[in-house]
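Chains as they are written, first to last, in the working numbering: chain A, 26 to 136; chain B, 69 to 180. No residue lacks a Cβ here, since even glycine has one placed at the ideal position from N, Cα and C. Before any comments, here is the structure.
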C-alpha cells in the first residue's frame, strides 16, 4: 500500500516561474515531512522539512505548505532556475520509523 | 566535512552471486539506514541500524542482510542475486536515528 502519493510525475516550468509539487499521505502517525532533491547519478539531498505543528516553512526560494486536516503537503519553488532541474521526492516518517518516499517528480526548468 | 561515503560506486554481478556494499556515515552520526532505489522510483527502506543494533527492517527477503561496526560504518550483503536486484543502493546516516537523514551517492548494482 503506497502511503505517500506524489504528483505530478513530471513538470516543465519556464525560468522564473513557480514550480509546485504535491504530496498526500494516509498514515496519521507521520510527524516529519522532508523534501529531497536528486540529480542523475547522485544520492537524494535534503532540501527542506516540516513538522505538522506549522502550516508553512520557507527557506530561500523553497517553501513547504502543510495542510494537516487534508493530509497534504506541497513544495513550492519560487523563481525556478535551470539548475533546479532534477527529480524531487517528498517523504514522510513517524518517530523511530523509516522514511517513506513518494514516487518522485521530474522537474525541467526551461531557460 | 565529509558526507556519507559509499563504496564501490558501480558494481556488475552475475545472477546467483553475492555482493557486499559499504557505507561510512557522517562523523558523529551513529545511525545508518539502507535504501534500494529502482530506476524511476523513490527509495525503498531496507534496514536501519543504530549503535550496532538493528532498529528496523523493510519488506525485503532474507537474502538481504546488514551489519554495523563499532566505528558506525555499515555493510549491506545481498546473496543469490536476481536480475530484479539491479538498483541504486543508498546509505543514509543520522545522529541518533532522528528525523534528519543524509544520503550518500549510492552504489549502482547491475545484475546480469
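Name, in chain order, the residues that DSSP records as bridge partners for residue 145/B.
-> Walking along the second chain from the start, residue 145/B turns up at place 77. Note: residue 145/B sits in a beta bridge opposite 88/B, 133/B.
If we call anything under 8 Å between Cβ atoms a contact, is residue 46/A one with residue 99/A?
-> Here residue 46/A corresponds to residue number 21 of the first chain, with the count starting at 1. Here residue 99/A corresponds to residue number 74 of the first chain, with the count starting at 1. At a Cβ-Cβ threshold of 8 Å, residue 46/A and residue 99/A count as neighbours.
Which residues in the same chain have their Cβ closer than 6 Å to the Cβ of residue 141/B, if we skip the five residues on either side of it in sequence?
-> Taking the first residue of the second chain as 1, we reach residue 141/B at position 73. Its chain contains 92 as the residues whose beta carbon lies nearer than 6 Å to that of residue 141/B, once the 5 sequence neighbours on both sides are disregarded; these appear in chain order.
Distance, residue 156/B Cα to residue 174/B Cα = On the second chain, position 106 is the one that residue 174/B refers to. On the second chain, position 88 is the one that residue 156/B refers to. Cα to Cα, the separation comes out at about 6 Å.
Pick out whichever of 32/A, 76/A, 130/A, 107/A has its Cα sitting closest to the Cα of residue 57/A.
-> Here residue 57/A refers to the residue found at position 32 when the first chain is read from its first residue. The closest CA to that of residue 57/A, considering only 32/A, 76/A, 130/A, 107/A, is found on 76/A.
Counting along the chain, where does the beta strand (DSSP E) carrying residue 119/B start and finish?
-> Taking the second chain and counting its residues from 1, one reaches residue 119/B at position 51. For residue 119/B, no beta strand (DSSP E) run applies, since DSSP gives it neither H nor E.
With distances taken from CA atoms, which of 94/B, 133/B, 79/B, 82/B is nearest residue 70/B?
-> As a first step, residue 70/B is located in the second chain; it is residue number 2 there, counting from the start. With respect to the C-alpha of residue 70/B, the residue from 94/B, 133/B, 79/B, 82/B having the closest C-alpha is 94/B.
Out of 129/A, 113/A, 52/A, point me to the one whose CA is closest to residue 93/A's CA.
-> Taking the first chain and counting its residues from 1, the one referred to as residue 93/A is at position 68. For residue 93/A, the nearest C-alpha among the options comes from 52/A.
Would you tell me roughly how many angstroms separate the C-alpha atoms of residue 125/A and residue 117/A, rounded to the nearest one?
-> Counting from one through the first chain, the residue named residue 125/A turns up at place 100. Counting from one through the first chain, the residue named residue 117/A turns up at place 92. Between residue 125/A and residue 117/A, the alpha-carbon positions lie close to 5 Å from each other.
Shorter than 8 Å from the beta carbon of residue 158/B to some beta carbon of chain A?
-> Taking the second chain and counting its residues from 1, one reaches residue 158/B at position 90. Nearest CB-CB separation between residue 158/B and chain A: below the 8 Å threshold.
Answer with yes or no whether the minimum CB distance from residue 168/B to chain A is below 8 Å.
-> As a first step, residue 168/B is located in the second chain; it is residue number 100 there, counting from the start. Residue contact with chain A for residue 168/B: present (Cβ-Cβ distance below 8 Å to some residue of chain A).
Taking 8 Å as the CB-CB limit, is residue 173/B close to chain A?
-> For the purposes of this step, residue 173/B is identified with residue 105 of the second chain, where counting begins at 1. Put simply, the CB of residue 173/B is near chain A, with a gap under 8 Å to one of its CB atoms.
Quick one: Cα of residue 118/B to Cα of residue 163/B, how far?
-> By 1-based counting over the second chain, the position of residue 118/B is 50. By 1-based counting over the second chain, the position of residue 163/B is 95. In a straight line, the C-alpha of residue 118/B is about 9 Å away from that of residue 163/B.
Where the beta strand (DSSP E) containing residue 50/A begins and where it ends = Numbered from its first residue, the first chain carries residue 50/A at position 25. Here the beta strand (DSSP E) through residue 50/A covers 44-50.
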